[in-house]
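J.:
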Amino acid sequence: MHTKLLTTSEQDLREAGAILRGGGLVAIPTETVYGLAANALDERAVRSIFEAKGRPQDNPLIVHVCDTAMIPALAAGVPDAVRSLAERFWPGPLTVIMPKSDKVPSATSGGLDTVAIRFPSDETARKIIAYAGVPLAAPSANLSGSPSPTTAQHCIDDMTGRIDAIVCGEDCKVGVESTVITLAENPPRLLRPGAVTLEMLREVLPDIVLDAAVKHRLKPGAVAASPGMKYKHYAPKAKVVILDGSFEQFAAYVGEHRQTDAYGLVFRGEEQCLDLPCVSYGSETDSLSQAKGLFGALRRLDELGAKQVFARMPSKTGVGLAVYNRLIRAAGFDVIKL
Ligand code: AMP
Ligand code: MG
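The numbering used here numbers the first residue of the sequence shown as 1247 and each following residue consecutively.
(1) Residue 1368 to residue 1499, Cα distance in whole Å?
(2) Whose C-alpha, out of 1518, 1524, 1439, is nearest the C-alpha of residue 1571?
(3) Got a sec, what are the start and stop residues for the beta strand (DSSP E) residue 1438 sits in?
(4) Should residue 1394 be listed as close to the ligand MG, given that the test is whether its C-beta is under 7 angstroms from any heavy atom?
(5) Rounded to the nearest angstrom, what separates residue 1580 and residue 1263 at their Cα positions?
(6) Please name the residue in 1510, 1508, 1278 whose C-alpha comes closest to that of residue 1371.
(7) Among residues of its own chain, excluding the 5 on either side of residue 1267, which ones have a beta-carbon nearer than 7 angstroms to its beta-carbon?
(8) Residue 1501 lies in the alpha helix (DSSP H); which residues open and close that run?
(9) Kindly list the residues whose CB is nearer than 7 angstroms to the CB of residue 1358, restricted to its own chain and excluding five residues on each side of it in sequence; keep chain order.
(10) Counting along the chain, where does the beta strand (DSSP E) carrying residue 1524 start and finish?
(11) Could you tell me if the beta carbon of residue 1277 falls within a distance shorter than 7 angstroms of some heavy atom in the ligand AMP?
(12) CB residue 1480 to CB residue 1541, shorter than 8 angstroms?
(13) For the pair the stretch 1387-1396 and the stretch 1494-1512, tell me if three or more CB-CB distances fall below 8 angstroms.
(14) Near residue 1323, which residues of its chain fall below 7 angstroms by C-beta distance, leaving aside the five closest residues on each side in sequence?
(15) Below 8 angstroms on the Cβ atoms is my contact criterion, and I expect residue 1471 with residue 1457 to pass it. Report the Cβ-Cβ distance as a whole number of Å.
(16) Closer than 6 angstroms by C-beta to residue 1383: which residues in its own chain qualify, once you throw out the five before and the five after it? Chain order, please.
(17) List the residues that DSSP assigns as beta-bridge partners of residue 1252.
(18) For residue 1589, which residues of its own chain have a beta-carbon under 6 angstroms away from its beta-carbon, when the five flanking residues on both sides are left out?
(19) Under three-state DSSP, which class holds residue 1486?
(20) Sort out for me which residues DSSP pairs residue 1346 with in a bridge.
(21) So, at 6 angstroms on beta carbons, what are the nonlocal neighbours of residue 1295 in its own chain, with the 5 sequence-adjacent residues on each side left out?
(22) Between the alpha carbons of residue 1483 and residue 1508, how many angstroms are there, rounded?
(23) Suppose you measure from the CA of residue 1417 to the CA of residue 1397; what does that come to, to the nearest Å?
(24) What is the DSSP secondary structure of residue 1555, reduced to helix, strand or coil?
(25) According to DSSP, which residues form a beta bridge with residue 1310?
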């Protein structure tokens, strides 16, 4: 399949919309990560997303809208809390799970009776949804298992020959996937942390709880509330280990344990202070910069041929929780307390 590269010109966005309306697959920029979009209501189109990504069929997709008026048709009764969440966080990087209507095919919901809905803030994404004229199912536009794409080049690397088109927009501003919460149960639960933080959500949903799978490996046989959480994710080819300690302790540990093709995944400015090739993923005191840099840094480590990666530990509060959630999965939950 030839994959057409489109710009963000109005004419190209209109073309992207037409491809999507016709059942095709297009990678599109959003503020979180690049998404691999298809008409969420077209079962056949949605199935081809799973094929292009190599994604397990039971992992449901997020449905993207460009207007809250599109939601009642997708949901079997819109929960009351959606209005206050929308006022505060939409458009933006928050996904809300609610009971689904019959219009949403089970391919989109991974066989569940719920649907995950997001109203992105990225202007290009919103225009593409509007030109398509249908809600768009869009998981991250990477091959399943590899880090999510945060630049058009990442999509080109992963998806050339597998999809109809890629809209080459700007680098993603947030850099990690959306926050996912479910309102389909009581109390509401945070399933995946993102740029809309637990602290921010508590101001609107005081009783929201944190799903155990956010910070910990699921116990064998446990059912994942968010099926995506059970898969190995975001992983570069190298063996990654997170070192929880000061920079001095990190440097000492790495000196003793490094093998061939070892790299550091460190905070900006630390590269020069280590006798180890390093890739940085943001500044130590700025979780937003870490979120923006993490997936690109993981891809860079693959390009460099890293076999062993020692990572600095992010903070677990605010947006840091989203960074930690992705990094522990990249590390297969291997964290060493120094
Ligand atoms: P991605 O498409 O890569 O951004 O991942 C979407 C995430 O949302 C995955 O972890 C899914 O398992 C989760 N998700 C989507 N829809 C639902 C749903 N109806 N119920 C629970 N989790 C969902
Ligand atoms: Mg993904």
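All C-beta atoms in this analysis are idealised placements derived from N, C-alpha and C, irrespective of residue type, glycine included.
T.: If we stick to the structure as given:
(1) Rounded to the nearest angstrom, the two C-alpha atoms are 42 angstroms apart.
(2) Closest by alpha carbon: 1439.
(3) Here the beta strand (DSSP E) through residue 1438 covers 1435-1438.
(4) It does: the Cβ of residue 1394 is within 7 angstroms (strictly closer) of some heavy atom of the ligand MG.
(5) Rounded to whole angstroms, residue 1580 to residue 1263 spans 42 angstroms at the Cα level.
(6) The shortest Cα separation from residue 1371 among 1510, 1508, 1278 belongs to 1278.
(7) Cβ neighbours of residue 1267 beyond the five flanking positions: 1285, 1378, 1379, 1380.
(8) Per DSSP, residue 1501 belongs to the alpha helix (DSSP H) from 1493-1503.
(9) The beta carbon of residue 1358 sits closer than 7 angstroms to those of 1306, all from its chain and outside the five residues before and after it, given in chain order.
(10) Unbroken beta strand (DSSP E) run through residue 1524: 1524-1526.
(11) Flag unset: Cβ of residue 1277 not near the ligand AMP.
(12) In contact: residue 1480 and residue 1541 (Cβ atoms closer than 8 angstroms).
(13) Segments in contact, no.
(14) Contacts found: 1345.
(15) With a beta-carbon spacing of about 5 angstroms, residue 1471 and residue 1457 fall inside the 8 angstroms limit used to define contacts.
(16) Result list for residue 1383: 1284, 1286, 1292, 1307, 1309, 1354, in chain order.
(17) According to the DSSP secondary-structure assignment, residue 1252 is paired through a beta bridge with 1413.
(18) Given a span of 1247 to 1584 for the chain in the structure shown, any question on residue 1589 remains unanswerable.
(19) DSSP places residue 1486 in strand when its eight states are reduced to three.
(20) Per DSSP, 1321.
(21) Taking residue 1295 as the centre and dropping the five residues before and after it, the same chain places the C-beta of 1282, 1284 closer than 6 angstroms to its C-beta, in chain order.
(22) Taking the CA atoms as reference points, residue 1483 sits about 12 angstroms from residue 1508.
(23) Near 5 angstroms, if we compare the C-alpha coordinates of residue 1397 and residue 1417.
(24) The answer is strand: DSSP assigns residue 1555 an E or B state.
(25) Residue 1310 pairs with 1364, 1382.
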